[in-house]
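There are 2 protein chains.
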Amino acid sequence: MTADTLPTLKPLYQQVKEKLLGRLIDRTWQPGMLLPSEQQLANELGVSQGTVRKALDALTAEHLLVRAQGRGTFVAEFEDAKILFRFFRLTGDDDNRRFPESEFGSLRQQKATSTARDRLGLPAGSAVWVIDRTRRLKGRPIITETITLPVARFPGLDALKPLPNNVYALYASRFALTICRVTERLKAIAASQDDAAELGCAVGTPLLHIDRVAYSLDGTAVEWRDSRCLTDGLHYLSEL
Amino acid sequence: MTADTLPTLKPLYQQVKEKLLGRLIDRTWQPGMLLPSEQQLANELGVSQGTVRKALDALTAEHLLVRAQGRGTFVAEFEDAKILFRFFRLTGDDDNRRFPESEFGSLRQQKATSTARDRLGLPAGSAVWVIDRTRRLKGRPIITETITLPVARFPGLDALKPLPNNVYALYASRFALTICRVTERLKAIAASQDDAAELGCAVGTPLLHIDRVAYSLDGTAVEWRDSRCLTDGLHYLSEL
DNA sequence: TAGTGGTCTAGACCACGAC
DNA sequence: TCGTGGTCTAGACCACTAT
Chain A
10 MTADTLPTLK
20 PLYQQVKEKL
30 LGRLIDRTWQ
40 PGMLLPSEQQ
50 LANELGVSQG
60 TVRKALDALT
70 AEHLLVRAQG
80 RGTFVAEFED
90 AKILFRFFRL
100 TGDDDNRRFP
110 ESEFGSLRQQ
120 KATSTARDRL
130 GLPAGSAVWV
140 IDRTRRLKGR
150 PIITETITLP
160 VARFPGLDAL
170 KPLPNNVYAL
180 YASRFALTIC
190 RVTERLKAIA
200 ASQDDAAELG
210 CAVGTPLLHI
220 DRVAYSLDGT
230 AVEWRDSRCL
240 TDGLHYLSEL
Chain B
10 MTADTLPTLK
20 PLYQQVKEKL
30 LGRLIDRTWQ
40 PGMLLPSEQQ
50 LANELGVSQG
60 TVRKALDALT
70 AEHLLVRAQG
80 RGTFVAEFED
90 AKILFRFFRL
100 TGDDDNRRFP
110 ESEFGSLRQQ
120 KATSTARDRL
130 GLPAGSAVWV
140 IDRTRRLKGR
150 PIITETITLP
160 VARFPGLDAL
170 KPLPNNVYAL
180 YASRFALTIC
190 RVTERLKAIA
200 ASQDDAAELG
210 CAVGTPLLHI
220 DRVAYSLDGT
230 AVEWRDSRCL
240 TDGLHYLSEL
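Residue numbers (the numbering used here), protein chains in the order written: chain A, 10 to 249; chain B, 10 to 249.
Here you go:
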């Protein structure tokens, strides 16, 4: 008695998952909100509770939802320290994980460079915001970074100066952008004169160079970040 | 009618998972082998097929098993290029992923240094194998690395000289050790005189330093590896 | 006590691979 | 054709949270 069309398409639970993901993308369900119960969703979508559960479990595994027995299922938020550290891999050599304070440097608008267009998938002539800032641990500068954002996705960003330490929470709260995936390319480079001035080290000091692209829920690149880090007393932790 | 003791312990599917994991650890089921069908396992363990399935799915998610519709469930092997690249994160800047050839350098036995004991969780006075080798891409040296292994876990390793390129496959086939997890700590360092000689670069050249510990199925540290990499034209790819 | 997610079961049917 | 894993359902019971 199924109403399927001719070919068997995707599994039902995947269709359900995509439907629920759509409600996260279009902000029908916003961060922190309580979702309807499994049974309610099952009735609404005309599938069994087990199928809804499989979709919810998949979204939970991707850190987009948080489930709590006895309370319900919630849209994940970007506030918790644990979630922050998912995308921040620098750790003290004593394995104490500390989040460095940011010192806001500058924010300007300009035409995207060819590299920026490549990283963000932008057409020629696109405008971007460029943010420079330095991050310190116990007062000592350890990271100098340049963040590039498409103006089209971040209208009026300059009105929010100075930018807060946790920019991903800002993206979520002011621009309806949830960062769900990040790729980082790491190299060892020698400090340039600018790097050396920012970090208070000698020109030529080895720095860890992190070229990061962050993607939003809809799969598009949203932020390009170029970080240069001093790694004495620190390391980048990668778990495979 | 359950035979449970007083307190409710772990969920059934976790108990099943651990029981199956035990058969992987004690090599009752060896890499490449076909497991009994879900229904057979369910009957044998006295649980439902769904519970067995949940345990098998969990082990599959950890890359310990491979499932194939219509054929069955198999113990994962360490041969496929895809699996190799799971633990090898260096990539060309053109995003072409190539596996560098190894040039065997030396193998010697010695007392573990304090660092080696820390990384491998060994008691004072333990003996270790120390392997030095250089790895090349298109003939050009790009990595110089030192591998430290507990002699107790690798008896008679010196009889296998020269060691092959893919040592993890060797660990599995000759020493019944399956590497299932790896943690890497990355830093930028300046090339020492030794590094410079091995890599054909200038002293002080920035190198990516990778301090890696590899863990076997039973959760113990099995290999410590210290790699120093030239990263011009290459990068370390981290996906979060 | 009521409602939620978490676990476990039993069985039906589908898609795929080997024979 | 048969056996496998993959999907989907329906329902029971448990554990936790809030009230």
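Backbone N, C-alpha and C define an ideal beta-carbon position, used for all residues, glycine too. Remember, predicted model here, so these are calculated numbers, not experimental data.
For B:L172 and B:L116, the gap between their C-alpha atoms comes out near 9 Å. With contacts defined as CB atoms closer than 8 Å, B:A200 and B:L208 qualify as a contacting pair.
In this structure, the beta-carbon distance from A:V75 to A:W38 does not fall below 8 Å.
A straight line joining the alpha-carbon of B:L93 with that of B:F87 spans about 7 Å.
The beta carbon of A:I156 sits closer than 6 Å to the beta carbons of I140 and R234 from its chain, once the five residues preceding and following it are set aside; these are given in chain order. The Cβ atoms of A:T69 and A:H244 do not sit closer than 8 Å to each other. In this structure, A:L195 keeps its C-beta atom at 8 Å or more from the C-beta atom of A:V231. When Cβ-Cβ separations below 8 Å define contact, A:E154 makes no contact with chain B.
Taking 8 Å as the CB threshold, B:A161 stays off the interface with chain A. With 16 or more other Cβ atoms inside 10 Å of its own Cβ, B:E154 counts as buried. Chain A has no Cβ within less than 8 Å of the Cβ of B:R128. Exposed is the label assigned to A:V212, since fewer than 16 other Cβ atoms lie within 10 Å of its Cβ. Around A:D204, the same chain offers T153, L216 and R237 as residues with beta carbons nearer than 7 Å, after the five sequence neighbours per side are excluded. Within its own chain, the residues whose Cβ lies closer than 7 Å to the Cβ of A:L146, once the five positions on either side in sequence are excluded, are R107 and P109, listed in chain order. The Cβ of A:K63 sits no closer than 8 Å to any Cβ of chain B. Listed in chain order, the alpha helix (DSSP H) elements of length 4 or more contained wholly in the stretch 80 to 126 of chain B are 90 to 95. Judged by DSSP secondary structure, B:V176 falls outside any beta strand (DSSP E) and instead within the alpha helix (DSSP H) spanning V176 to F184. With a threshold of 16 other beta carbon atoms within 10 Å, B:A64 meets it and is buried. Nearest Cα to A:H72 within the set A:R95, A:E27 and A:G165: A:R95. Around A:T240, the beta-carbon contacts reaching into chain B at under 9 Å are L195, K196, A197, I198 and H218. Taking 8 Å as the CB threshold, B:F113 stays off the interface with chain A. The beta carbons of B:L43 and B:G81 sit about 5 Å from each other, so the pair counts as a contact at 8 Å. Looking at the DSSP output, B:T155 shares a beta bridge with B:D141 and B:D235. For A:R76, the uninterrupted beta strand (DSSP E) segment begins and ends at L74 to A77. A Cβ of chain B is located within less than 8 Å of the beta carbon of A:S247. Bridge partners of B:S247 according to DSSP: A:E193.
Under DSSP, B:D220 forms a beta bridge with B:R194 and B:D235. Within the stretch 166 to 192 of chain A, those residues whose Cβ lies closer than 8 Å to any Cβ of chain B are, in chain order, R190, V191 and T192. Beta-bridge pairing by DSSP links A:A136 to A:K120.
B:F96 has a beta carbon lying within less than 8 Å of a beta carbon in chain A.
At least one CB atom of chain A sits nearer than 8 Å to the CB of B:G213.
Around A:K26, the same chain offers A64, A67 and L68 as residues with beta carbons nearer than 7 Å, after the five sequence neighbours per side are excluded.
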